[in-house]
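Asks:
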Amino acid sequence: MTLRDVLSSTAAGSTDARRRLSEPWSAWNIATAAEEPPFGALDGAALRANAADLVRRAGGKPIRLASKSLRVRSVIEALLDMPGFAGVLAFTLPEALWLARSCPDVVVGYPTTDRRAITELARSEQAAASVTLMVDSAEHLDFIDAVAPSATRLPLRICLDMDASWHGPVPFGRLGVWRSPLHTPAQVRTLAEEVQRRPGFTLVGLMAYEAQIAGVADRVPDRLPMNAAVSWFQRRSRAELAERRGEAVAQVRAIADLEFVNGGGTGSVESTAADPAVTEIAAGSGLFAGHSFDAYSAFSPLPASGFALAVVRKPRADCATVLGGGWVASGPPGIDRLPIVAYPAGLRMVPREMAGEVQTPLVGEAARRLSVGDRVWFRHAKSGELSERVNEFVLIEDDRIVDRLPTYRGEGKAFL
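Just so we're aligned, residue 101 is where the sequence shown starts under this note's numbering, counting upward by one.
#1: Could you say if the region 378-385 and the region 157-171 meet the contact criterion of at least three C-beta pairs nearer than 8 Å?
#2: If we require 3 or more residues per run, which beta strand (DSSP E) segments fall completely within the region 167-206?
#3: What first and last residue would you give for the beta strand (DSSP E) that runs through Met234?
#4: Have a look at Phe388 and Ala190 and give me their C-alpha separation to the nearest angstrom.
#5: When you compare only the Cα positions, how much space is there between Gly300 and Ser371?
#6: Tell me whether the beta-carbon of Asn362 lies closer than 9 Å to the beta-carbon of Val231.
#7: Taking Gly386 as part of the alpha helix (DSSP H), name the residues at either end of that continuous run.
#8: Please name the residue in Val412, Gly364, Val378 and Thr219 whose C-alpha comes closest to that of Leu358.
#9: I need the DSSP call for Arg164, collapsed to helix, strand or coil.
#10: Is the region 233-243 touching the region 320-334, taking contact as three or more C-beta pairs under 8 Å?
#11: Could you check how far apart the C-beta atoms of Phe478 and Gly425 are, in whole angstroms? I think they sit under 8 Å.
#12: Confirm, please, whether the CB-CB distance from Val247 to Ala222 is below 9 Å.
#13: Could you give the first and the last residue of the continuous alpha helix (DSSP H) run that contains Asp153?
#14: Measure the C-alpha to C-alpha separation of Arg520 and Ala178 and round it to an integer number of angstroms.
#15: If contacts are defined as beta-carbon pairs under 8 Å, then Ala146 and Leu121 qualify, I think. What distance do you get, rounded to the angstrom?
#16: Which partner residues of His267 appear in the DSSP bridge assignment?
#17: Need the endpoints of the beta strand (DSSP E) that Trp477 sits in, please.
#18: Would you mind stating whether Val472 and Asp418 have Cβ atoms separated by less than 9 Å?
#19: Below 9 Å between beta carbons: does that hold for Trp128 and Pro444?
#20: Could you tell me which of Gly512, Ala467 and His283 sits nearest to Val490, measuring between CA atoms?
#21: Am I right that Gly390 and Tyr309 are in contact with their C-beta atoms under 8 Å? What's the rounded C-beta distance?
#22: Determine, using beta carbons only, whether Ala292 and Leu303 come nearer to each other than 9 Å.
#23: Where does the unbroken beta strand (DSSP E) through Arg361 begin, and where does it stop?
#24: Just to confirm the assignment, what range does the beta strand (DSSP E) spanning Met262 have?
#25: Return yes when at least one heavy atom of the ligand ZN lies under 8 Å from the C-beta of Glu340, else no.
#26: Please name the residue in Ala408, Met182 and Ala131 whose C-alpha comes closest to that of Pro137.
#27: Taking all protein chains shown into account, decide if Arg413 is buried (16 or more other Cβ within 10 angstroms of its Cβ) or exposed.
#28: Per DSSP, what are the beta-bridge partners of Ile355 in this structure?
#29: Give me the residue from Ile435, Leu256, Val235 and Pro403 with the minimum Cα distance to Thr219.
#30: Evaluate His480 with the Cβ neighbour count: other Cβ atoms within 10 Å of its Cβ, from every protein chain shown; 16 or more gives buried, anything less gives exposed.
#31: Do Pro401 and Asn150 have their CB atoms nearer than 9 Å?
#32: If you run the structure through DSSP and keep just helix, strand and coil, what is Phe393?
#33: Mapping the DSSP letters down to three states, classify Glu135 as helix, strand or coil.
#34: Would you grab the beta carbon distance between Gly434 and Glu465 for me? Rounded to a whole angstrom, and I think it's under 8 Å.
#35: Across which residues does DSSP place Gly305 in a beta bridge pair?
#36: Checking the sheet assignment: what are the DSSP bridge partners for Glu492?
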């Protein structure tokens, strides 16, 4: 059974099926009994259900797959065969050139200064027709022109990156990620005019990623005051951005024939889709569903991915030490960036050690039942970052391994 077969099956939607998929660890343990930890697992039924839910939430607007949140080429290609998904949002130009061999629509989500990759793009008719570069300043255009002068290259597709952050009152201040200097519609139009003026560039898209909405959970356990504050500023940010983004899109459409306007992320699919200026949604984290995405009020993804580590020591009866475990997620350092123990229940990390690169001690009554050679299941905080730690995922369907899916790492690729 291939991944495409798995994704084309009927999605699990009943209450009983979702309850089983929300706690898959025991079944995974049985299905992978012959595997040697560490290894990653991907649940076909959960992935299928999460994909269907993203499409439902998008309300008819296509979803551009954020490859950073997956980093498994076979998964990206299989999802693009499903209705509701169209195109890839890549994170580096070398990655985009690699993916463009099989995907005709790849947008690079961040500006690039990779001279070798720019040169390759500028010389390949297939790549130049498939890959769109991201810029937010004339300096980016200058850089590209210096590497590949317009007189000697193919026309290059360009997308403008607009700042979607919210400038709120005290104590909030600026909320969002530090991406683009283009905050106002006038600034966006000025750069659009510069792209249009220069030979060798074709302006085809505009992107505005509202990280303060898409990437901030609003239903974190035991944090009611913070959740209320998050809900408050997200409502106001959505309203402000819809007006500002709509004006920017109108300004740019007055001088360029945009093919797409991209916005959002897994955490903001509904509100971004409701913005009439947006033509497509960027999403990916809700597919593998790292544990950071458990605490959103708008959706409840199923845990589709996880990893198993082996118990190699028993320092005492109620302590089991696994090999590895320090697979820490990017972002502000904190407990929420660490993996969580998923199975068996009743295990916790030791505060003075937590998750270590070569070993992670776990304590609790459940540790008494663990022996050297047993395995413990974990969930990564993020989604695609787990793919950088394993060479492949075993694909589980009907409580058995049905395929093996190499990650970027497993294919010998390390793009960032």
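C-beta atoms are modelled at their ideal positions from N, C-alpha and C, and glycine is treated no differently.
Replies: On the basis of the supplied data:
#1: yes
#2: 185-190
#3: Val231 to Val235
#4: 17 Å
#5: 36 Å
#6: no
#7: Ser385 to Phe388
#8: Val378
#9: strand
#10: no
#11: 7 Å
#12: yes
#13: Gly144 to Ala158
#14: Limits of the chain in this structure are 101 at one end and 516 at the other, which puts residue 520 out of reach.
#15: 5 Å
#16: Arg274
#17: Arg475 to Arg479
#18: no
#19: no
#20: Gly512
#21: Not quite, the Cβ-Cβ distance comes to about 18 Å (not below 8 Å), so this is no contact.
#22: yes
#23: The sequence as given places Val at residue 361; Arg does not occur at that position. Taken as a continuous stretch (DSSP letters only), the beta strand (DSSP E) holding Val361 covers Phe360 to Gly363.
#24: No beta strand (DSSP E) contains Met262, which DSSP labels as neither H nor E.
#25: Although the ligand ZN was asked about, the structure shown includes no ligands whatsoever.
#26: Ala408
#27: exposed
#28: Paired residues: none, contrary to the question.
#29: Leu256
#30: buried
#31: yes
#32: helix
#33: coil
#34: With 8 Å as the limit, Gly434 and Glu465 do not qualify as a contact, their Cβ atoms being about 27 Å apart.
#35: Cys259 and Phe360
#36: Pro506
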